[in-house]
Amino acid sequence: MDHGDHGSDEKSIDWKSYGRLLTMVLTSTVFMYFFMYLNIYRWGDFHLSETRFFMSTLMFGTMLAIMLAFMLHMYKDRRVNIALFVASGVLWLVGLYFMRSQVTVEDQSWMKSMIPHHSIAIMVSERADITDPRARKLADEIIAAQEKEIAEMEYLIRSIREDGEATDGYPLGEAEGSTPVVRSVRAALSQPGVSSLDVGGMTPEEVARVVPSPACEFRFSEGQQALVAIGSDGQGVMKLMGNLVPLTARDASITDGATLEAPGARLAIDRLDGDAASLVFELDAGTPLRVGYDGVYVCAA
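Using full-length UniProt numbering, the first residue of the sequence shown is number 1, and each one after it goes up by one.
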């Protein structure tokens with residue numbers, strides 16, 4: 001008699017209801033994963049992210065426990081309920097561990113996680129109603145820094161995917177074994193590190209001082225300031241440490257890319273697909289520096 005009752009209890013488990021619960025939580029988790037991208041600045045900054053996946057795993061465990069607790073009267077099997085609560089706790093802990101430790105995140109995964117994060121910073125900094133001039137200046141600096149870093153990370157993702165990782169001898173603009181020197185403020189400001197030297201954005205007025213009628217311009221993204229501008233005569237310009245530096249194009253045609261030079265510096269622009277292009281900036285100032293960016297290269301019709 002007892003054996004028959006036990007078999008009846010086994011058959012009374014409503015697996016279909018439990019299946020609907022898990023499907024509901026999983027569907028909500030998938031939607032929440034992609035909702036985390038709704039505040040990126042532009043869809044071109046979308047990359048699937050391991051970190052967001054771990055956060056979603058944590059949310060799955062949390063939602064499963066909360067929804068089961070609130071609807072416990074609908075799910076009668078005590079053993080299944082306990083198993084689901086334990087599973088939700090395990091998923092929560094696993095998601096938290098991998099999210100906090102980042103043990104599975106490597107070079108490309110790290111950059112794919114960072115690009116959407118940077119894009120969110122751009123969106124908030126650009127569209128927030130900021131009235132204090134100090135805060136506005138800070139927001140503009142954040143926008144410029146995030147745009148530059150996104151372009152650099154996009155370049156590195158593609159470079160690592162196509163050519164593999166760089167070796168230890170790659171020119172990063174850092175002197176090996178350099179020792180800080182005691183200097184005055186004025187002397188320290190006059191000696192920037194080579195690794196901090198980089199191209200900056202130029203306003204149309206700044207471009208016109210060297211290239212009155214630019215034929216092609218490289219930008220980090222659409223709508224941003226020009227990093228490099230080139231005239232049809234091969235005269236180019238970039239901004240380095242706040243200074244406008246004239247450049248000379250070596251190529252007769254600049255439509256599909258260009259190589260520009262100035263004493264101590266070289267810039268190579270290669271068109272990738274459509275307006276997409278890469279810029280590699282090389283500096284020879286005692287300690288070599290090479291840095292690349294992916295952006296857009298637009299030429300006047």
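Ideal placement from N, C-alpha and C gives every residue a C-beta, glycine not left out.
Buried or exposed: where does residue i fall if 16 or more other Cβ atoms within 10 Å of its Cβ makes it buried?
| i | result |
| --- | --- |
| Phe218 | buried |
| Ile82 | exposed |
| His6 | Confidence is the limiting factor: at His6 the pLDDT is only 46, short of 50, which leaves the residue's position unreliable and the question unanswerable from this model. |
| Ala265 | buried |
| Pro214 | buried |
| Lys148 | buried |
| Tyr97 | exposed |
| Ser101 | exposed |
| Arg52 | buried |
| Gly169 | exposed |
| Ile66 | exposed |
| Met74 | exposed |
| Gly242 | exposed |
| Val25 | buried |
| Val291 | buried |
| residue 335 | There is simply no residue 335 to check, as the chain begins at 1 and stops at 301 in what is shown. |
| Gly12 | Contrary to the premise, residue 12 reads as Ser rather than Gly in this sequence. Ser12 comes out exposed. |
| Glu222 | exposed |
| Pro133 | exposed |
| Ala300 | exposed |
| Val207 | buried |
Spell out the partners DSSP gives residue i in its beta bridges.
| i | result |
| --- | --- |
| Phe279 | Note that residue 279 is Leu in the sequence shown, not Phe. The partner list for Leu279 (beta bridge, DSSP) reads Ile269, Tyr293. |
| Gln235 | Thr248 |
| Gly200 | Lys239 |
| Leu227 | Leu227 pairs with nothing; no bridge assigned. |
| Val298 | Glu217 |
| Gly257 | Asp270 |
Any C-beta of chain C sitting closer than 8 Å to the C-beta of residue i?
| i | result |
| --- | --- |
| Ile120 | Absence of chain C from the displayed structure is noted, only one protein chain being present. |
Reducing DSSP to helix, strand and coil, say where residue i ends up.
| i | result |
| --- | --- |
| Trp15 | helix |
| Ala262 | strand |
| Thr23 | helix |
| Glu50 | helix |
| Ala145 | helix |
| Lys164 | It is worth fixing the name first, because residue 164 is Gly in this sequence and not Lys. Reduced to three states, the DSSP call for Gly164 is coil. |
| Ile115 | helix |
| Met218 | Looking at the sequence provided, one finds Phe at residue 218 rather than Met. Strand at Phe218. |
| Leu172 | strand |
| residue 302 | Since the displayed the chain opens at 1 and closes at 301, residue 302 lies outside it and no answer follows. |
| Leu38 | coil |
| Thr57 | helix |
| Ile120 | helix |
| Pro133 | helix |
| Val182 | coil |
| Met71 | coil |
| Glu106 | coil |
| Val90 | helix |
| Val30 | helix |
| Asp45 | helix |
| Thr62 | helix |
| Glu208 | The sequence shown places Ala at residue 208, rather than the Glu named in the question. Ala208: helix per DSSP, three-state reduction. |
| Asp284 | coil |
| Ala128 | coil |
| Asp140 | helix |
Out of the options, which one is the CA nearest neighbour of residue i?
| i | options | result |
| --- | --- | --- |
| Met59 | Met74, Arg127, Asp256, Tyr33 | Tyr33 |
| Leu64 | Val86, Pro171, Leu48, Phe46 | Val86 |
| Arg161 | Arg127, Gln108, Pro171 | Gln108 |
| Ile150 | Phe35, Leu272, Asp45, Lys16 | Asp45 |
| Asp233 | Ala252, Gly223, Ser221, Phe220 | Ala252 |
| Val237 | Asp256, Glu205, Glu222, Gly223 | Glu205 |
| Ile269 | Thr259, Ala276, Asp275 | Thr259 |
| Gly231 | Gly223, Arg250, Gln146 | Arg250 |
| Phe220 | Thr62, Ala69, Ile122 | Ile122 |
| Gln146 | Ala277, His118, Trp92 | His118 |
| Pro171 | Thr287, Asp14, Cys299 | Thr287 |
| Gln225 | Arg271, Gly201, Val105, Ser125 | Gly201 |
| Asp77 | Val124, Leu272, Lys16 | Lys16 |
| Arg127 | Ala277, Ala276, Ile40 | Ile40 |
| Ile120 | Gly173, Leu84, Asp284, Trp43 | Trp43 |
Below 7 Å, is the gap between the Cβ of residue i and the nearest heavy atom of the ligand ADP?
| i | result |
| --- | --- |
| Met59 | The ligand ADP is not part of the structure shown, which contains no ligands of any sort. |
Could you round the C-beta distance between residue i and residue j to whole angstroms and report it? I think they count as a contact, below 8 Å.
| i | j | result |
| --- | --- | --- |
| Cys216 | Tyr297 | 6 Å |
| Arg209 | Leu244 | 6 Å |
| Val90 | Tyr18 | Their Cβ separation, rounded to whole angstroms, is 17 Å, which puts Val90 and Tyr18 out of contact at 8 Å. |
| Leu279 | Leu227 | 7 Å |
| Thr27 | Ser56 | Contact flag wrong, Cβ pair sits at about 12 Å. |
| Leu48 | Lys112 | 7 Å |
| Ile130 | Ala144 | The Cβ separation is near 15 Å, so there is no contact. |
| Glu50 | Thr104 | 6 Å |
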